[in-house]
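For what it's worth, our numbering labels the leading residue of the sequence shown as 456, then goes sequentially. Heads up, the beta-carbon is just placed ideally off N, CA and C, and yes, glycines get one too. Just so you know, these numbers come straight off a predicted model, no measurement behind them.
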Amino acid sequence: MIQQISHQDLEHAYADAVNTIQSQMNFADAVQKLEEVARAGHGKAALFLAELYYQGFRVERDSLKAQYWQKLATMQA
456 MIQQISHQDL EHAYADAVNT IQSQMNFADA VQKLEEVARA GHGKAALFLA ELYYQGFRVE
516 RDSLKAQYWQ KLATMQA
């Protein structure tokens, strides 16, 4: 069963993941959290992931993943 997550909870999870990335700690865990938040409907998280994959910032550069997250961000806008 899919649980509804409030916008406030998504925003908090997004901020936590971004703070983790900026502090250079547990990067892989932060990316995984961003993916979860983006799939739950948080457009900024999807856009952030698109940029990570487009630029190859501490992840393997992947244009297909970048396009996927960009499209998801656009759909959630």
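Proximity of residue i and residue j at Cβ, strictly below 8 Å
| i | j | result |
| --- | --- | --- |
| Leu538 | Leu519 | What the structure shows of the chain is the stretch from 456 to 532, and residue 538 is not part of that stretch, so it cannot be assessed. |
| Ala528 | Gly496 | no |
| Ala485 | Val492 | no |
For residue i, the nearest candidate out of the options (CA to CA)
| i | options | result |
| --- | --- | --- |
| Glu515 | Ala532, Glu491, Ala483 | Ala483 |
| Thr475 | Tyr523, Lys526, Gln531, Arg513 | Arg513 |
Segment limits, alpha helix (DSSP H) that includes residue i
| i | result |
| --- | --- |
| Phe482 | 482 to 494 |
| Ile460 | First-last for Ile460: undefined, no H or E at that position. |
| Phe503 | 498 to 510 |
| Ala521 | 518 to 531 |
Outcome for residue i when other beta-carbon atoms lying within 10 angstroms are tallied against a minimum of 16
| i | result |
| --- | --- |
| Ala521 | buried |
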